[in-house]
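Here is the structure we will look at, set down as structure tokens.
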Amino acid sequence: MLQGKNVVVGVAGGIAVYKVVDVVSRLKKQGANVYVIMTQSAANFVTPLTFREISGHPVVVDMWAETTNWNVEHIALASCADLFLLAPATGNMIGKIANGIADDMLSTTVMATTAPVLLAPAMNTNMYLNPIVQQNITKLTQLGYHFIEPGCGMLACGTEGVGRLPEPEAIVAKVIDMFNCKKDFAGKKVLITAGGTQEAIDPVRYIGNRSSGKMGYAIAKAAVSRGAEVTLISGPTHLTPPVGVTFQSVESAAQMRDAVLSHYSDSDIVIKAAAVADYRPQTMSPNKIKKNSATLELVLEKNPDILFELGQLKKHQILVGFAAETQQLLVHAQEKLTRKNLDMIVANDITLPGAGFNVDTNIAKLIYRDGHIEELSKMSKEELAEIILDRICI
Ligand code: PMT
242 MLQGKNVVVG VAGGIAVYKV VDVVSRLKKQ GANVYVIMTQ SAANFVTPLT FREISGHPVV
302 VDMWAETTNW NVEHIALASC ADLFLLAPAT GNMIGKIANG IADDMLSTTV MATTAPVLLA
362 PAMNTNMYLN PIVQQNITKL TQLGYHFIEP GCGMLACGTE GVGRLPEPEA IVAKVIDMFN
422 CKKDFAGKKV LITAGGTQEA IDPVRYIGNR SSGKMGYAIA KAAVSRGAEV TLISGPTHLT
482 PPVGVTFQSV ESAAQMRDAV LSHYSDSDIV IKAAAVADYR PQTMSPNKIK KNSATLELVL
542 EKNPDILFEL GQLKKHQILV GFAAETQQLL VHAQEKLTRK NLDMIVANDI TLPGAGFNVD
602 TNIAKLIYRD GHIEELSKMS KEELAEIILD RICI
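Heads up: the sequence shown begins at 242 in the working numbering, then just goes up one per residue.
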């Protein structure tokens, strides 16, 4: 998502510096070129070597060090930046920037950059709430600097309150959000389902499927960053819900149905990436079933087809389904598109390597209501998520 983008990360001196190592690593994984500038006090918490290894670039600390680059270093970094992230933004560093002080490499580079600057404050609660710090933040906000709100909780100083560095995932999501100027889903309410449902057999066993939730979570994340108000209803997964979604966790198809129906009338777009169990045990044994016999028979009954019901109730909503097939992909997917009254169906042949369940990529065919089919090559689920949203928007 950040392929080829230059992100300069300015690290000021606070205990939260250790979390910024993870931020740098995550930015790299998103494809960004990351350059780190540290203050001398930040280097007391984590060594520049750590950031050099993670970012893959030399780390700049000292204004007066011998450079390998004939360019004036702070000017070179200031002008290569597509975005400047300051994390942790200490009270001291915020004060310097707000008051035009440039007395070290970091504050000098911030002054010299024309790139958008994102500050992630982290400090003791009383410091953060100090009117001088608050005034500096207001002043910088009015000047066009961007802030990500600090979190609340237990701080390193032992007190509880506001002032924690936001979680690395939230900082990276904000960075991606700032690059993603496409806000074509602003004002749209998008309901997304993800993951597989679990149908209880007894208190310890269930019928489930191999869905990891990756596809649905990728769509939710992309929709949030494009400005949508997203509700994500998910079966059990190992994933962390994307920042900014309204999240509801469910277990069974029946629970997913109730959750989906309660949000349906208020939704503009529904995308059903969840793998919903078609059948559930007719009865759930209240106690753990003992292995007393050589065979065990389970009677299964049909689950409600949630998407079919949505198709019946459809008014203004755009309905997008998925079809996971092992044979006759197009035939089955087209049949589901028509029977469930969908606007588009994302058909994935789950027998192909790199497609379908529990992998990071997918290979899909998009089938539209008018019968038109768009064949897509293998791509990451994040990329596919963007394409699905692009097509919904047209
Ligand atoms: O989660 P991942 O590991 O990333 O894997 C992604 C995925 C393979 C789960 C996803 O890409 C996918 O194909 N999801 C749909 C899987 C599925 O259940 O397909 P289906 O053909 O059985 O169902 C068709 C559509 O009806 C789906 O949108 C499904 O959510 C919906 N459905 C199905 C049954 C049911 N009882 N109620 C439903 O709403």
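For each residue, glycine too, the CB sits at the ideal point set by N, CA and C.
Quiz item: Which value, in whole angstroms, describes the spacing of the CA atoms of Leu607 and Lys424?
Solution: Residue mapping note: residue 607 aligns to position 366 of the sequence shown, counting from 1. Residue mapping note: residue 424 aligns to position 183 of the sequence shown, counting from 1. So the alpha carbons of these two residues sit roughly 23 Å apart.
Quiz item: When the distance is taken between beta carbons, is Met352 closer than 8 Å to Ala343?
Solution: The sequence position of residue 343 within the sequence shown is 102, counting from 1. The sequence position of residue 352 within the sequence shown is 111, counting from 1. Using a Cβ distance threshold of 8 Å, Ala343 and Met352 count as a contacting pair.
Self-check item: Proximity of Val374 and Leu327 at Cβ, strictly below 8 Å
Solution: Residue numbering aside, residue 374 sits at position 133 when the sequence shown is read from its first letter. Residue numbering aside, residue 327 sits at position 86 when the sequence shown is read from its first letter. Going by C-beta atoms, Val374 is not nearer than 8 Å to Leu327.
Quiz item: Is the distance from the Cβ of Asn544 to the Cβ of Ala516 below 8 Å?
Solution: On the sequence shown, residue 544 is found 303 positions in, with the first residue counted as 1. On the sequence shown, residue 516 is found 275 positions in, with the first residue counted as 1. No, Cβ-Cβ distance for Asn544 and Ala516 is not below 8 Å.
Exercise. Compare the beta carbon distance of Ile510 and Leu473 with 8 Å and say whether it is the shorter of the two.
Key: In the sequence shown, the residue the question calls residue 510 occupies position 269. In the sequence shown, the residue the question calls residue 473 occupies position 232. Cβ distance not < 8 Å, so Ile510 and Leu473 don't count as in contact.
Quiz item: Any C-beta of chain B sitting closer than 8 Å to the C-beta of Ala257?
Solution: Absent from the structure is chain B; it holds one protein chain and no more.
Self-check item: Residues bridged to Thr219 [DSSP beta-bridge criterion]
Solution: What the structure shows of the chain is the stretch from 242 to 635, and residue 219 is not part of that stretch, so it cannot be assessed.
Quiz item: Is Ser475 closer than 8 Å to Gly436 when the C-beta atoms are compared?
Solution: Looking up residue 436 in the sequence shown gives position 195. Looking up residue 475 in the sequence shown gives position 234. Yes, they are a contact pair.
Quiz item: Just to confirm, are Phe549 and Ser452 a CB contact at a threshold of 8 Å?
Solution: As a position in the sequence shown, residue 549 is number 308, starting the count at 1. As a position in the sequence shown, residue 452 is number 211, starting the count at 1. Not a contact, by the Cβ cut-off of 8 Å.
Quiz prompt | C-alpha distance - Lys430 paired with Gln558, whole-angstrom precision | solution = As a working note, residue 430 is residue 189 in the sequence shown. As a working note, residue 558 is residue 317 in the sequence shown. C-alpha separation (whole angstroms): 10 Å.
Quiz item: Using 8 Å as the Cβ pair cut-off and three pairs as the minimum, do the stretch 485-492 and the stretch 390-407 touch?
Solution: no
Quiz item: Which residue comes first and which comes last in the alpha helix (DSSP H) that contains Leu625?
Solution: To locate residue 625, count along the sequence shown from 1; it is residue 384. Taken as a continuous stretch (DSSP letters only), the alpha helix (DSSP H) holding Leu625 covers 622-634.
Quiz item: For the stretch 288-355, which segments carrying the alpha helix (DSSP H) assignment without a break, of at least 4 residues, lie completely within its bounds, in sequence order?
Solution: 289-296, 314-321, 332-339, 346-353
Quiz item: First and last residue of the beta strand (DSSP E) that includes Asn247?
Solution: Position 6 of the sequence shown, counted from the start, is the residue given in the question as residue 247. Counting along the chain, the beta strand (DSSP E) containing Asn247 begins and ends at 247-252.
Exercise. Could you tell me the boundaries of the alpha helix (DSSP H) in which Asn589 lies?
Key: Taking the sequence shown and counting its residues from 1, one reaches residue 589 at position 348. Where Asn589 is concerned, there is no enclosing alpha helix (DSSP H), although the beta strand (DSSP E) it sits in stretches over 585-590.
Quiz prompt | Separation of Gln439 from Met279, as counted between CA atoms | solution = In the sequence shown, the residue the question calls residue 279 occupies position 38. In the sequence shown, the residue the question calls residue 439 occupies position 198. Their Cα atoms are separated by approximately 48 Å.
Quiz item: Are the stretch 293-306 and the stretch 373-389 touching, with three or more C-beta to C-beta distances below 8 Å?
Solution: no
Quiz item: Thinking just about the alpha-carbon of each residue, which of Cys398, Gly394, Met419, Asn533 is nearest to the one in Glu408?
Solution: Reading the sequence shown from its first residue, position 167 is the one you call residue 408. If we check each option's Cα against that of Glu408, Gly394 comes out closest.
Exercise. Check the DSSP bridge columns for Arg521 and list the partner residues they point to.
Key: On the sequence shown, residue 521 is found 280 positions in, with the first residue counted as 1. Beta-bridge pairing links Arg521 to Glu542.
Quiz item: Is the stretch 258-271 touching the stretch 330-338, taking contact as three or more C-beta pairs under 8 Å?
Solution: no
Quiz prompt | Expected contact under 8 Å - CB spacing of Glu492 and Arg521 to nearest Å | solution = Mapped onto the sequence shown, residue 492 falls at position 251. Mapped onto the sequence shown, residue 521 falls at position 280. Actually they are not in contact, since the Cβ atoms of Glu492 and Arg521 sit about 11 Å apart, beyond 8 Å.
Exercise. May I ask you to list the residues that DSSP assigns as paired with Phe488?
Key: Residue mapping note: residue 488 aligns to position 247 of the sequence shown, counting from 1. Beta-bridge analysis with DSSP links Phe488 to Leu473.
Quiz item: Cβ of Lys429 within 7 Å of any heavy atom in ligand 1?
Solution: Sequence index remark: in the sequence shown, residue 429 carries index 188 (1-based). Outside the cutoff, so no.
Exercise. Would you kindly work out how many angstroms separate the C-alpha atoms of Ser266 and Gly272, rounded to a whole number?
Key: The residue you call residue 266 lines up with position 25 of the sequence shown. The residue you call residue 272 lines up with position 31 of the sequence shown. The C-alpha of Gly272 is placed about 10 Å away from the C-alpha of Ser266.
Quiz item: What whole-angstrom Cβ distance do Met585 and Val561 have, given they're in contact under 8 Å?
Solution: Along the sequence shown, read from residue 1 onward, the residue named residue 585 stands at position 344. Along the sequence shown, read from residue 1 onward, the residue named residue 561 stands at position 320. 5 Å between Cβ atoms; contact.
Quiz item: Just to check, is the beta-carbon of Leu548 closer than 7 Å to a non-hydrogen atom of ligand 1?
Solution: Locating residue 548 in the sequence shown gives position 307, where the first residue counts as 1. Under cutoff, so the answer is yes.
Quiz item: Among residues of its own chain, excluding the 5 on either side of Ala459, which ones have a beta-carbon nearer than 6 Å to its beta-carbon?
Solution: Taking the sequence shown and counting its residues from 1, the one referred to as residue 459 is at position 218. Contacts found: Lys622, Glu623, Ala626.
Quiz item: Sorry if obvious, but does the Cβ on Asp345 come closer than 7 Å to a heavy atom of ligand 1?
Solution: What you label residue 345 is simply residue 104 of the sequence shown in a count that begins at 1. Because no heavy atom of ligand 1 lies under 7 Å away, the Cβ of Asp345 does not count as near it: no.
Practice problem: Within 10 angstroms of the Cβ of Val572, are there 16 or more other Cβ atoms? Answer buried if so, exposed if not. | Solution: Residue mapping note: residue 572 aligns to position 331 of the sequence shown, counting from 1. Burial call: exposed.
Quiz item: Using the beta-carbon count (16 or more within 10 Å), is Trp311 buried or exposed?
Solution: Along the sequence shown, read from residue 1 onward, the residue named residue 311 stands at position 70. Caution is warranted here: a pLDDT of 46 is assigned to Trp311, below 50, making its placement in the model unreliable, and the coordinate value is therefore given only provisionally. Result: exposed.
Quiz item: Around the Cβ of Ser506, are there at least 16 other Cβ atoms within 10 angstroms (buried) or fewer (exposed)?
Solution: By 1-based counting over the sequence shown, the position of residue 506 is 265. Label assigned to Ser506: exposed.
Quiz item: CA-CA distance, Leu630 and Val416?
Solution: Residue 630 sits at position 389 when you count from the first residue of the sequence shown. Residue 416 sits at position 175 when you count from the first residue of the sequence shown. Distance between the alpha carbons of Leu630 and Val416 is about 20 Å.
Quiz item: Under a three-way DSSP split, which group does Phe563 fall into?
Solution: Within the sequence shown, the letter at position 322 stands for residue 563. Note: Phe563 maps to strand in three-state DSSP.
Exercise. Report the option in His298, Lys270, Asn365, Thr602 whose CA atom is closest to the CA atom of Gln244.
Key: Taking the sequence shown and counting its residues from 1, one reaches residue 244 at position 3. Ranking His298, Lys270, Asn365, Thr602 by Cα distance to Gln244 puts Lys270 first.
Quiz item: Any heavy atom of ligand 1 within a distance shorter than 7 Å of the CB on Val302?
Solution: In the sequence shown, residue 302 corresponds to position 61, counting from 1. No; taking the cut-off as 7 Å, the Cβ of Val302 has no heavy atom of ligand 1 nearer than that.
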